[in-house]
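Protein chains in written order, with this note's numbering: chain A, 156 to 265; chain B, 156 to 265.
To start, the structure itself, in structure tokens.
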DNA sequence: TTTAGCAGTATCCTAAAGGATAGTGGTATT
DNA sequence: AATACCACTATCCTTTAGGATACTGCTAAA
């Protein structure tokens, strides 16, 4: 019973790890916390991400309802990515992760 | 400035992701939350982890001061792994991750 | 009309994580 | 004396993430 409970929790932890883990997803979410951005704007912001990877990661985040993808078909093509409400709900979690990470850094290095 | 700050935070997030991320580390920590365990006990607990991987992950967690490795040389060899104080400090963080993960599951599936 | 920017796609390649399987040196059990 | 459990180590192999590079179809500016 206790074990079953633990299994379920592990699944949830795994979900969250998948979302903010990896080389880029956390960075993309952080960048969009700042403000909504277009594809190439994100690309520049993230430095050396390849378009292939950026496309893939954005699709993943969209599937997980963390970001919106809005195509504005004015004369020229423009695609805007922004956090959903659900995506913004990650911010406090990321904050606590950051504070634990900072304590951790001190303990491991100091 | 705001950007520099963000970079630092990303580094911290990355640290934490490394620690509880991956296929096994979260599971190992969760299993040790329950109680201290020996190598083969952990192995059985985790199901289908290979000894090669378990050894590697335990070393990583030990290096990061999250678990203790104690060798008891009675007549027969026995090695006990347990959470350090620092390791136990992860529990509340894991709890908030779990609750966000549960809300997330509902939103994505429902 | 060439050039540049937009939002990607397509193809190839490398490095790292981690599974499969077998073996090691020790002790305790039958 | 043979078998089994302990805590691993060694070797090989597959899968996956993600980088490098080139290209596409479109529009706007020079």
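For every residue, glycine included, the Cβ atom is placed at its ideal position computed from N, Cα and C.
Please read all numbers here as calculations on a predicted model, not as lab measurements.
Have a look at the options and flag the residue whose alpha-carbon is nearest the alpha-carbon of residue i.
i	options	result
residue 219 of chain A	A/171, A/163, A/162, A/161	A/171
residue 160 of chain A	B/257, B/265, B/261	B/257
residue 221 of chain B	B/213, B/234, B/228	B/213
residue 242 of chain A	B/200, B/205, B/263	B/263
residue 227 of chain A	A/181, A/240, A/194	A/194
Do residue i and the ligand HEM come close, with the Cβ less than 7 Å from some heavy atom?
i	result
residue 165 of chain B	The ligand HEM is not part of this structure, which contains no ligands at all.
If contacts are defined as beta-carbon pairs under 8 Å, then residue i and residue j qualify, I think. What distance do you get, rounded to the angstrom?
i	j	result
residue 238 of chain A	residue 187 of chain A	5 Å
residue 236 of chain A	residue 190 of chain A	Actually they are not in contact, since the Cβ atoms of residue 236 of chain A and residue 190 of chain A sit about 10 Å apart, beyond 8 Å.
residue 216 of chain B	residue 183 of chain B	7 Å
residue 208 of chain A	residue 179 of chain A	6 Å
At a Cβ threshold of 8 Å, is residue i touching chain A?
i	result
residue 165 of chain B	yes
residue 160 of chain B	no
residue 260 of chain B	yes
residue 329 of chain B	As displayed, chain B neither begins before 156 nor continues past 265, which places residue 329 of chain B out of reach and without an answer.
residue 198 of chain B	no
residue 265 of chain B	no
residue 168 of chain B	yes
residue 222 of chain B	no
residue 251 of chain B	yes
Taking 8 Å as the threshold (beta carbon to beta carbon), is residue i in contact with chain B?
i	result
residue 243 of chain A	no
residue 246 of chain A	no
residue 192 of chain A	no
residue 255 of chain A	yes
residue 181 of chain A	yes
Requested in this report: Could I get the ranges of all uninterrupted alpha helix (DSSP H) runs contained in the segment 176 to 246 of chain B, with 4 residues as the minimum, in chain order?
Outcome: Runs of the alpha helix (DSSP H) lying entirely within the segment 176 to 246 of chain B, each at least 4 residues long, are 180 to 189, 194 to 201, 206 to 218, 240 to 243 in chain order.
Requested in this report: Count the C-beta pairs between the segment 159 to 171 of chain A and the segment 247 to 254 of chain B that are closer than 8 Å, then say yes if the count reaches three, no if not.
Outcome: The segment 159 to 171 of chain A, when compared against the segment 247 to 254 of chain B, does touch it at the 8 Å Cβ threshold.
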